[in-house]
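Here is the structure we will look at, set down as structure tokens.
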Amino acid sequence: MNLMNFTIFAVITTALPIFSQLDSAKNIKNDNNAQSQTLLPETVVADLPISDSLVIPSLDFKSADIRDVLRAIATKYNLNVWLAPEVRGEIPVHLTNIKVKDALKFVIERYGYTYKYRNNVIEVSKPPLVKVEVVKPPIQMTVENNKLSFDFKDAEIDSIVRKYSSLTNINIVLDKAVKGVLSGRLNGVEIRQGLRILFESNGYEVKESNDIFYISTMKLADSESGTSTMGGAQSGGRFSVRVSEGKVSFQINNGDLRQIINEIANQSGVSIFIYGDIKGRISARADSLAIESALQYLLRNTPYTFWKNGSIYFIGDQSAQQVPNSELIELKYIKAEEVLEILPKTILDKAAIKVIKGQNGIMVIGPYEIIVSAREYLALVDRPISQILIEALVVDFSLEKMNEIGFKLFMKNPKDTSSFTETFFPAVKAQGSGTGLNKYVGKVTDFFNIKQIVKLPSDFRAQIGLLENAGVANVQSTPQVATLNGNTAVIKIVNKQYILLTSEIQTDAATSVQQKTTERLESFETTVSLSITPWVTSNREVTVQVKPIFQIPGISPDPRKIPPPVNSREIESTVRLSNGETYILGGIITTSMADSRESVPFLGRIPVLGYLFSYTTKKSVKNKMMIFLTPHIYYGSEGAVDEEEIIRNIDK
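Residue numbers for the sequence shown follow the numbering used here, beginning at 2 and rising by one.
This is the structure:
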């Protein structure tokens, strides 16, 4: 009979409405999920004081409420059971031949509940929740040599800022809306730049004022009200503006033009007057622009313009600017008088320009945008002008001495692959005449194995000096002249000579004819003139236009009565040289009469007695002139003399 009653009760409980059971099942799932994420149950291990002789032959429920199952068991075996309100849920169970206390413990603990036994009552409830503390790894951040490195994941923003501030001693203020976690990894970035990269890449706005960083969420423009809000993206667009040390950086996505200008004014502290209502939206991104350039780009292709008076900016409609502005633009490298020739016609037509010669500048009077255009254009063309130092070496080589000595000058040129195999002078010795001399004597440049454009060796001047001692070379002049790029430099060498001329005059006297001889000094000039115009290319090569003029004296048919003729020869050429290369001009041969002393070898060198073993004759002397031109390019003071460096070299 008891078994029949139990079966009937089980059937009745399975027919209970399922609506409450479905809600109970959801609660059990949600509670179990919450517990598995953050909390752990507190289990009770005490045994239930129920006799082991009480055994359930069969217990079979399908989709029954756990409350009904526990009440059925308690009713069947006369047990006092209290169920907490949160004990709910749908359970299936099938047990056979199990002790009552084991069945209760299984059902209660299997579905995440616990029990207590006190005052002869079994209390069933949820277990107390125990908080589990999750230990996050420490923030890895270092600063070395003003460089920031960090590596962290899901770190709290507050902890990141505190760590950064303690390492860098930089003050940071967080907006109350800045919350959450950040992840990132950087290595060896400048400390201030690293802070900006971390927060701006995560959608925050970073501003710096008076060495304090302010971090806030990016401002959003409300398209209807025209106000700035903070938070998630809206249809009105968003923008970020940062002004640091007078430079403006911004990132704008469909931002309101008026709000952006106001933000620039607030952060920079400049005074801005806005006339009328500035409307319009813009999307742009820029870094480190001057305030003036930022306003110019923001208002370009809009109905608005801006102008400046002193330190105050004015913004309004194109027709709002009535009073012309004026500004003195000082020039650094070009002459103020030349500006009118290089300024575009669009600027000259809309502005009045006055040359201020004393300050090497121009006064521009007109609309502010024209003044800005003139300033920007002049900034492009007012660049350092290259200065070229021209070194010249004018040398007369005696062809007669070459015939007597017969040698070749060895010049080592790393760019010249010619073969110098004959004779080395003055490094080793001078060698007598031979086949090589007969081959090259007609052309001095070939005789010295010198090409027309060469890179002279470092000891070239020393070699010329030794040739002078041997009587082979005669250095006429070593001028140096500097000129600006594109300007002509002139080197002029004048040699004024005097000769004694005699003349005979016959006079008739009363009784006889008398002949009278007179002497006078006559002067004549020989001139070597070099006109050099250099142009420097972008790859530091020099295009040189050279125009030498030679006025060389010839041989007089009667040296005592007729002055020598002066022959004029002129050459014009254009060559391209690298910086420091030498251009050699030659081919001017002069012939003159000179006293030549011949002597008996060795005996003619004996003091006083040597004159007895020598004699003097007049002979024709042929000289060949060669001119060495070497340009050097300078842009600033790199060609100036460093006195300290000279003193250090002397001390060594």
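Even for Gly, the Cβ is constructed at its ideal location relative to N, Cα and C. On a predicted model such as this, the values are computed, not experimentally measured, just so you know.
Check	Outcome
For residue 1, the three-state DSSP class (helix, strand or coil)	In the structure as shown, the chain begins at 2 and stops at 653. Residue 1 is therefore absent and cannot be evaluated.
Pick from 532, 254, 623, 155 that is closest to residue 554, judged by C-alpha positions	623
C-alpha distance - residue 280 paired with residue 265, whole-angstrom precision	16 Å
4-residue-minimum alpha helix (DSSP H) runs that sit fully inside the segment 275–312, ordered along the chain	292–300
Residue 528 in three-state terms, based on DSSP	strand
Neighbourhood of residue 283 by C-beta, 8 Å cutoff - its chain only, sequence neighbours within 5 removed	253, 255, 256, 258, 261, 299
Residue 155 in three-state terms, based on DSSP	strand
Distance CB(residue 307)-CB(residue 316) smaller than 8 Å	yes
Classification of residue 88 by the beta-carbon crowding that lies within 10 angstroms, buried from 16 upward	buried
Which listed residue (345, 58, 337) has its alpha carbon closest to that of residue 355	337
Rounded straight-line distance, which links the Cα of residue 341 to that of residue 542	29 Å
Residues near residue 486 in its chain [Cβ-Cβ closer than 8 Å; skip 5 each side]	386, 387, 388, 389, 535, 536, 537
Contact under 8 Å by Cβ, residue 395 with residue 626	yes
DSSP state of residue 112 mapped onto helix, strand, coil	coil
Pair within 8 Å by beta-carbon distance, residue 523 and residue 500	yes
For residue 164, three-class secondary structure by DSSP	helix
Contacting residues, own chain, Cβ-Cβ under 8 Å from residue 118 (five flanking each side not counted)	47, 49, 50, 124
Where the alpha helix (DSSP H) containing residue 466 begins and where it ends	461–470
Beta carbon of residue 361 nearer than 8 Å to that of residue 329	no
8 Å Cβ cutoff met for residue 352 and residue 367	yes
Close-in-space but distant-in-sequence residues of the same chain around residue 304 (CB under 7 Å, 5 per side omitted)	318, 319
Where the beta strand (DSSP E) containing residue 396 begins and where it ends	388–399
Where residue 689 falls: helix, strand or coil (DSSP)	Given a span of 2 to 653 for the chain in the structure shown, any question on residue 689 remains unanswerable.
Selection from 566, 327, 540, 572 that minimises the alpha carbon distance to residue 580	540
CB contact below 8 Å: residue 136 versus chain B	Note that chain B does not occur in the displayed structure, where there is just one protein chain.
Minimum C-alpha distance to residue 578 - residue among 559, 571, 632, 612	632
Environment of residue 200 [buried if 16+ CB atoms lie within 10 Å]	buried
First and last residue of the uninterrupted alpha helix (DSSP H) at residue 360	Taken as a continuous stretch (DSSP letters only), residue 360 belongs to no alpha helix (DSSP H), as it is neither H nor E.
One or two residues paired with residue 498 in a DSSP bridge	525
Alpha carbon of residue 477 to alpha carbon of residue 459, nearest angstrom	21 Å
Closest residue to residue 186 among 76, 172, 156 (Cα-Cα distance)	156
Unbroken alpha helix (DSSP H) run spanning residue 122, endpoints	First-last for residue 122: 122–126, but that is the beta strand (DSSP E), not the alpha helix (DSSP H).
Contact set for residue 572: own chain, Cβ-Cβ below 6 Å, skip 5 residues either direction	549
Cβ separation of residue 190 and residue 149, assumed to be a contact under 8 Å, to the nearest whole Å	5 Å
Cross-strand partners of residue 479 (DSSP beta bridge)	Per DSSP, none; premise fails for residue 479.
Secondary structure of residue 587, DSSP reduced to three states	strand
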